[in-house]
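A short worksheet on the structure shown next.
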Amino acid sequence: MYESLQLQLKNLPESGWQWRGEVPQALLENGELGEIAPLEHLAGAADWQVTIARHDELFLLRGRWHVAARRECRRCTRSFVETMVGECERTFRLTPAESDEDEAELLPLPGHLDLLDVLREDFWVNWQGGALCRPDCKGLCAKCGTDLNEGSCSCNRQEGDNPFAKLLQLKFEDK
Ligand SMILES: [Zn+2]
Ligand SMILES: [Zn+2]
Numbered sequence: 001m002y003e004s005l006q007l008q009l010k011n012l013p014e015s016g017w018q019w020r021g022e023v024p025q026a027l028l029e030n031g032e033l034g035e036i037a038p039l040e041h042l043a044g045a046a047d048w049q050v051t052i053a054r055h056d057e058l059f060l061l062r063g064r065w066h067v068a069a070r071r072e073c074r075r076c077t078r079s080f081v082e083t084m085v086g087e088c089e090r091t092f093r094l095t096p097a098e099s100d101e102d103e104a105e106l107l108p109l110p111g112h113l114d115l116l117d118v119l120r121e122d123f124w125v126n127w128q129g130g131a132l133c134r135p136d137c138k139g140l141c142a143k144c145g146t147d148l149n150e151g152s153c154s155c156n157r158q159e160g161d162n163p164f165a166k167l168l169q170l171k172f173e174d175k
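Everything in the sequence shown is counted per the numbering used here, starting at 1 for the first residue and increasing by one.
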């Protein structure tokens, strides 16, 4: 499977190339493959649709993916599965550009491209810390720890008299 995600752009047909399929979780999480940091806490394979078009010297890659990941809510600490989606667009060239304004990424001949890394990189670019199990999650009581989504407690949580009120409003990054 990993081999099928290795392309030599030089050998790509003029008509371009496309692929749609599942990239297994085990591959995405395998730290021994590729150069981009492996993904973590996935809940399944990634579904990926990718096309590469050739325009003379340039190779335009467009990809669209979705994958389920296990997250922890930053307010109530509950675990949940979130479907993450992303789209990427990248341009490559195999020989150095003649103009400084050319922003294509240079992949020296024969233009080796690791699509596993392309997908991982795009995942991390789209990664957002501070997940919420639902937009209106009420979180935990700062005094007694009761999950306020499931019931109320008898603590007095008037704003202002809780020294942790400010802390609770901070947004924590997951990583
Ligand atoms: Zn929550
Ligand atoms: Zn309480």
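Just so it is clear, CB atoms sit at the ideal spot from N, CA and C, and this is done for glycine as well.
At the C-beta level, F123 and E105 stay beyond 7 angstroms of one another. In this structure, the CA atom of Q128 is about 12 angstroms from the CA atom of E72. The region 53-98 is shown to contain no whole alpha helix (DSSP H) run of 4 or more residues. Residue state for R20 is assigned as strand, using DSSP reduced to three classes. Approximately 12 angstroms separates the beta-carbon atoms of C133 and R70; this is outside 8 angstroms, ruling out the contact. Between the region 50-60 and the region 22-34, the count of Cβ pairs shorter than 8 angstroms is below three; the stretches do not touch. With 6 angstroms as the limit, the residues whose C-beta approaches any heavy atom of ligand 2 more closely are C141, K143, C144, T146, C153, C155, in sequence along the chain. The Cβ atoms of Q8 and G111 sit closer than 7 angstroms to each other. Placement of the Cβ of R75 at a distance of less than 6 angstroms from at least one heavy atom of ligand 1 is found.
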